[in-house]
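Trainee: Going by my numbering, the sequence shown opens with residue 168, and the numbers climb by one from there.
Right, I'll just put the structure down here and ask away after.
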Amino acid sequence: MQGSKKLVNTVLGCADDALAGIVACNPHLQLLRGHRVALRADLENVQGKVALISGGGSGHEPAHAGYVGKGMLTGVVAGPVFTSPAVGSILAAIRAVKQAGAVGTLLIVKNYTGDRLNFGLALEQARIEGAPVQMVVVGDDCAFTMQKKAGRRGLCGTVLIHKVAGALSEAGVGLDAIVRRVTAVAEAMGTLGVSLSPCSVPGSRPTFQLAADELELGLGIHGEAGVHRMKMTSAEQIVKIMLDHMTDPSSASRVQLRPGASVVLVVNNLGGLSYLELSVVAGSAVHCLESRGVHIARVFVGSFMTALEMAGVSLTLLLVDDELLALLDSDTTAVSWSQPAKVSVSDNKRERERIAPKESPEEEASFPAGVPASPHMRVVLDKVCSTLLSLQEKLNDLDRASGDGDCGSTHARAARAIQEWLNAKPIPVHPSKLLSALAKLLLDKMGGSSGALYGLFLTAAAQHLQINDDIAAWSIAMDAGIDAMMRYGGAAPGDRTMEAEAAAESTRNMEAAAGRASYIGSARLELPDPGAVAAAAILRAVMEGLQVKTMALLGLQVPSRWQVDVPIIPCF
168 MQGSKKLVNT VLGCADDALA GIVACNPHLQ LLRGHRVALR ADLENVQGKV ALISGGGSGH
228 EPAHAGYVGK GMLTGVVAGP VFTSPAVGSI LAAIRAVKQA GAVGTLLIVK NYTGDRLNFG
288 LALEQARIEG APVQMVVVGD DCAFTMQKKA GRRGLCGTVL IHKVAGALSE AGVGLDAIVR
348 RVTAVAEAMG TLGVSLSPCS VPGSRPTFQL AADELELGLG IHGEAGVHRM KMTSAEQIVK
408 IMLDHMTDPS SASRVQLRPG ASVVLVVNNL GGLSYLELSV VAGSAVHCLE SRGVHIARVF
468 VGSFMTALEM AGVSLTLLLV DDELLALLDS DTTAVSWSQP AKVSVSDNKR ERERIAPKES
528 PEEEASFPAG VPASPHMRVV LDKVCSTLLS LQEKLNDLDR ASGDGDCGST HARAARAIQE
588 WLNAKPIPVH PSKLLSALAK LLLDKMGGSS GALYGLFLTA AAQHLQINDD IAAWSIAMDA
648 GIDAMMRYGG AAPGDRTMEA EAAAESTRNM EAAAGRASYI GSARLELPDP GAVAAAAILR
708 AVMEGLQVKT MALLGLQVPS RWQVDVPIIP CF
């Protein structure tokens, strides 16, 4: 059975290689010879303090080795992927920190049967050897509304326990006091995950299947399925469903969240979610919580406790007070701890309010209130917009061969922006002002290299229409626009990029010399360039719009389809 592709050397050795790689890149870490254990490189500084050891199966990176450092963990013990670490390695880590002079050892364990058994057995053996060792089992899962015999699973909230315990240890707090404090913190915390796709252990196939329009709610971090499967919806709605589930008064695993409560929010990437999506989810979570009267003291956004390549996210809520915040804000050398600004998110809400920039006098002058819109210009622009919207999927399909597949979407975004502009403001009468206004609109709304190229063309052309707008001036303006695109875009005639209709078809045999497609092998570029197809369609639409205007003025019937045989210069 063939598994999913993974960038590993060997399936059996991937956990060892991953831990060795983390240590190789971090001078603050060292490996314990003969064991899959990472320890602080400055282990001598643990003398007289409580050592903190955590760990579990590999595949949750940056957990757990990323949290080793002053102010967090003293060491971690890693097992194979999604498998509990060996008892002998856990015991070896306890011995190492005791030998370094630790006055006690706290084992921080996620609530999974294998972890409890193996860490628990190592604890008992260490106590026989005279080592003062205690264990805290973290269960922060909010998925199950009824209490399970095995208890709540340990999820991303465990990382917050690492931080709190590390701060207390660094401050010289004793073992029993740390246990009491972190136990109370764990009880004021909850986590819930959602996933758009499963993950796969190296050498194996995905752990479960999801349809293209489905997502999984309440899953763990070992590839196991969740408690509820639901249809895809917006990120905002998904976040609302998650928070409703986490705070459901009838749930035995709920977070006791009331209006006015102060919380720390962790938005955790489960491994394969894009950071664009992660930011959308984080923003939705902040807005949803604040709308319920919850005060957000801190927000941590990133990859903290993953499940290999799972495309999903978990939300963790921790009820906090000033004392607990100070522990979370304390310094650490752990490389994977994300330290946000030590300022309340909700207290900064007013500064997040959007403000509208004041239009410059020139912009305001471009749209005089008393000037009526030109129906002829509107006909042409309407035709361009409808043409681009109709070509969206075709252009996207063409772009997938040479780019990121968004050429049609980019042009459609421009078309919708122009339509909104046509409905909101009168069109400038003077051609120079019209082209300048369109350039600004496309630069602001279209984006990408297409928006920049069109903006360059229109801006350069507009300068040559300020005094005259006859045919000669239009000819010079068009040449100036093309020159500007070539000068800044780096393309020349014959390159595979924006050209007009017949030339657009010829681009299927050209090699790209500019733009993103220039990085694609020529063997894969067998279709016309999407930008050239779009440019040709725009020129055709301009011509047809002008012909519609002319024939309507003459009272003639407008044909259903036009043939473009000669280039035209639009004379408004």
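Note that CB positions come from ideal geometry on N, CA and C, so glycine has one too.
Hey, Gly-238 and Asp-496: beta-carbon distance below 8 Å or not?
Mentor: no
Trainee: For Glu-291, does the three-state DSSP call read helix, strand or coil?
Mentor: In this structure, Glu-291 counts as helix in the three-state DSSP scheme.
Trainee: Within 10 angstroms of its Cβ, does Ala-332 collect 16 or more other Cβ (buried), or is it exposed?
Mentor: buried
Trainee: Is Asp-514 helix, strand or coil when you go by DSSP?
Mentor: Asp-514 falls in the helix class under three-state DSSP.
Trainee: Would you mind reading off the limits of the beta strand (DSSP E) that contains Gln-197?
Mentor: 196–198
Trainee: DSSP beta-bridge partners for Met-397?
Mentor: Note: Met-397 sits in a beta bridge opposite Leu-382.
Trainee: Which value, in whole angstroms, describes the spacing of the CA atoms of Pro-299 and Lys-407?
Mentor: 45 Å
Trainee: If you check the beta carbons only, do Ala-245 and Leu-186 fall under 8 Å apart?
Mentor: yes
Trainee: What is the rounded straight-line gap between the Cα of Asn-563 and the Cα of Pro-595?
Mentor: 32 Å
Trainee: Ends of the beta strand (DSSP E) at Pro-593?
Mentor: Unbroken run through Pro-593: none, as it is neither H nor E.
Trainee: Compute the beta-carbon to beta-carbon distance between Gly-223 and Pro-252, rounded to the nearest angstrom, for a pair I have assumed lies under 8 Å.
Mentor: Yes, they are in contact, since the Cβ atoms of Gly-223 and Pro-252 sit about 7 Å apart, within 8 Å.
Trainee: Could you give the DSSP three-state label for Met-302: helix, strand or coil?
Mentor: strand
Trainee: Could you check the C-alpha separation between Val-487 and Arg-465 for me, to the nearest Å?
Mentor: In this structure, the alpha-carbon of Val-487 lies about 10 Å from that of Arg-465.
Trainee: Can you tell me whether Gly-188 is buried or exposed, with buried defined as 16 or more other CB within 10 angstroms of its CB?
Mentor: Label assigned to Gly-188: exposed.
Trainee: Tell me the DSSP secondary structure of Ala-684 in three-state form.
Mentor: The predicted position of Ala-684 is uncertain, since its pLDDT is 48 and thus under 50; a value taken from the coordinates is nonetheless stated next. Correct three-state label for Ala-684: helix.
Trainee: I need the boundaries of the beta strand (DSSP E) containing Leu-219, first residue and last residue.
Mentor: Residues 217–225.
Trainee: Does DSSP put Leu-377 in a helix, in a strand, or in coil?
Mentor: In the structure shown, Leu-377 sits in coil (DSSP, three-state: anything other than H, G, I, E or B).
Trainee: Give me the Cα-Cα distance between Ile-345 and Leu-335, rounded to the nearest whole angstrom.
Mentor: 7 Å
Trainee: I'd like the list of long-range same chain contacts for Ser-599, defined as Cβ closer than 6 Å, with 5 residues on each side in sequence excluded.
Mentor: Ala-629, Leu-632 and Gln-633
Trainee: I'd like the ranges of any beta strand (DSSP E) spanning at least 3 consecutive residues and lying wholly in the segment 226–289.
Mentor: 242–248 and 271–277
Trainee: Return the residue from the list Arg-320, His-195, Arg-459 and Leu-623 that minimises the CA-CA distance to Tyr-655.
Mentor: Nearest option by C-alpha distance: Leu-623.
Trainee: Please say whether Val-303 and Thr-350 have beta carbons closer to each other than 8 Å?
Mentor: yes
Trainee: Please return the same chain residues whose Cβ sits closer than 6 Å to the Cβ of Leu-240, not counting the five positions on each side in sequence.
Mentor: Leu-219, Ser-221, Tyr-234 and His-329
Trainee: Tell me which same chain residues have a C-beta within less than 6 Å of the C-beta of Ser-511, skipping the five on either side of it?
Mentor: Ala-464
Trainee: Which same chain residues end up closer than 6 Å to Gly-236 when comparing Cβ atoms and leaving out the 5 residues on each side of it in sequence?
Mentor: His-195, Thr-499, Thr-500 and Ala-501
Trainee: Hey, out of Arg-567, Ala-582 and Gly-226, whose CA is closest to Val-178's CA?
Mentor: Of Arg-567, Ala-582 and Gly-226, the residue nearest in Cα terms is Gly-226.
Trainee: According to DSSP, what are the bridge partners of Ile-638?
Mentor: BP columns for Ile-638 are empty, so no partner.
Trainee: At which residues does the beta strand (DSSP E) containing His-462 begin and terminate?
Mentor: 462–469
Trainee: Three Cβ pairs or more, each shorter than 8 Å: is that satisfied between the segment 450–458 and the segment 392–409?
Mentor: yes
Trainee: Under 7 Å Cβ to Cβ from Ala-659, same chain only, skipping five residues before and after it: list those, please.
Mentor: Around Ala-659: Met-653.
Trainee: Mapping DSSP to helix, strand and coil, what is Ser-481?
Mentor: strand
Trainee: Distance check for Phe-286 and Leu-322, CA to CA, integer angstroms please.
Mentor: The alpha-carbon atoms of Leu-322 and Phe-286 are separated by roughly 17 Å.
Trainee: Rounded to whole angstroms, what's the CA-CA distance from Val-326 to Leu-363? Just pull it up for me.
Mentor: 23 Å
Trainee: Can you have a look at Glu-560 and say buried or exposed, based on whether 16 or more other CB atoms are within 10 angstroms of its CB?
Mentor: exposed
Trainee: Between which two residues does the alpha helix (DSSP H) harbouring Val-361 extend?
Mentor: Run containing Val-361: none in the alpha helix (DSSP H); it sits in the beta strand (DSSP E), 356–362.
Trainee: Taking the C-alpha atoms as reference points, what is the distance between Met-710 and Ala-703?
Mentor: 11 Å
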